[in-house]
Amino acid sequence: MDPIDATQGLPIYCRAAVAWEPSEPLSIETVEVGVPRQGEVRVKILHTGVCHADSNALEGLDPDRVFPCILGHEGAGIVESVGPKVTGFKNGDHVIPLSTPQCKECRYCKNPRTNLCSKFRTTQERGLMPDGTTRFMCQGHRLYHFMGISTFSEYTVVSENSLCKVDIPEEVPESEV
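Just so you know, we're using the UniProt record's numbering here: the sequence shown kicks off at 1 and counts up by one.
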């Protein structure tokens, strides 16, 4: 059985760098990553970057951030599983998470001069998925998402609107992706 298929429909336990509170060091913890729900995708994070937005949030300089959370909004990974009604992605797809998703329905998404979707921004700023919940748990505590992505975890769950598929030619070895 393919290792990806073995985790379908089940929570995954993995390591993540948890920010328990502002101005405290990140703590490597074992976290539970929930099953993707409707319109969501669970991604195995292969690469992540650190941005000033991460350090600002960790230092408590961003008053909109909620704790405890898993930071990180720059990265790349592979789709591990998809939730119901996801049509644009399948297991094994290479993806890049996007911190500014678009619902394609609100007035901001329909405006060619802005990309600040009001639907996603409302929940992202509160560290929540679009349905108002989170997919991370640790030591009995709910962990909040960061910018809808949370790449400082080996696995994450994001809205399918927060992903861009990367087509990689078959001749490119996995080690070079």
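Where is the CB? At the ideal position from N, CA and C, for every residue including glycine.
#1: Do you know offhand how far Gly140's Cα is from Thr30's?
#2: Can you find the residues in the same chain that come closer than 7 Å, C-beta to C-beta, to Gly132, ignoring five residues on each side of it along the sequence?
#3: Roughly how many whole angstroms lie between the Cα atoms of Ser156 and Glu171?
#4: Among Ile45, Gly39, Glu21, Gly72, which one has its Cα closest to the Cα of Ile12?
#5: Would you say Glu154 faces chain C, with C-beta separation under 8 Å as the test?
#6: Just reading off the beta strand (DSSP E) that Phe136 is part of, what are its end residues?
#7: His47 to Val79, Cα distance in whole Å?
#8: Quickly, what does DSSP pair His141 with across the bridge? List them, please.
#9: Give me, in chain order, the residues of the same chain whose beta-carbon lies closer than 6 Å to that of Met1; leave out the 5 immediate sequence neighbours on both sides.
#10: Keeping to the same chain, check which residues put their C-beta closer than 7 Å to that of Ile168; ignore five residues upstream and five downstream.
#11: Counting Cβ pairs closer than 8 Å, one from the region 53-64 and one from the region 100-116, do we hit at least three?
In short, the structure shows the following:
#1: Position 140 of the sequence shown, counted from the start, is the residue given in the question as residue 140. Position 30 of the sequence shown, counted from the start, is the residue given in the question as residue 30. Straight-line Cα distance between these residues: approximately 11 Å.
#2: On the sequence shown, position 132 is the one that residue 132 refers to. If we look at Gly132 and ignore the five residues flanking it on each side, its Cβ neighbours are Thr123.
#3: If you number the sequence shown from 1, residue 156 lands on position 156. If you number the sequence shown from 1, residue 171 lands on position 171. Reading off the sequence shown, one finds Thr at residue 156, where the question assumed Ser. Approximately 28 Å, taken between the alpha carbons.
#4: Walking along the sequence shown from the start, residue 12 turns up at place 12. It is Ile45.
#5: Among the protein chains of the structure shown there is no chain C, as only one such chain exists.
#6: In the sequence shown, residue 136 corresponds to position 136, counting from 1. Segment 136-138, the beta strand (DSSP E) holding Phe136.
#7: Here residue 47 is taken as the residue at index 47 of the sequence shown, counted from 1. Here residue 79 is taken as the residue at index 79 of the sequence shown, counted from 1. Near 13 Å, if we compare the C-alpha coordinates of Val79 and His47.
#8: The count along the sequence shown starts at 1 and reaches residue 141 at position 141. Partner(s): Cys138.
#9: What you label residue 1 is simply residue 1 of the sequence shown in a count that begins at 1. Here the model assigns Met1 a pLDDT of 49, short of 50, so the residue's position is not dependable and the matter cannot be decided.
#10: As a first step, residue 168 must be located in the sequence shown, where it is residue number 168. If we look at Ile168 and ignore the five residues flanking it on each side, its Cβ neighbours are His94, Val177.
#11: no
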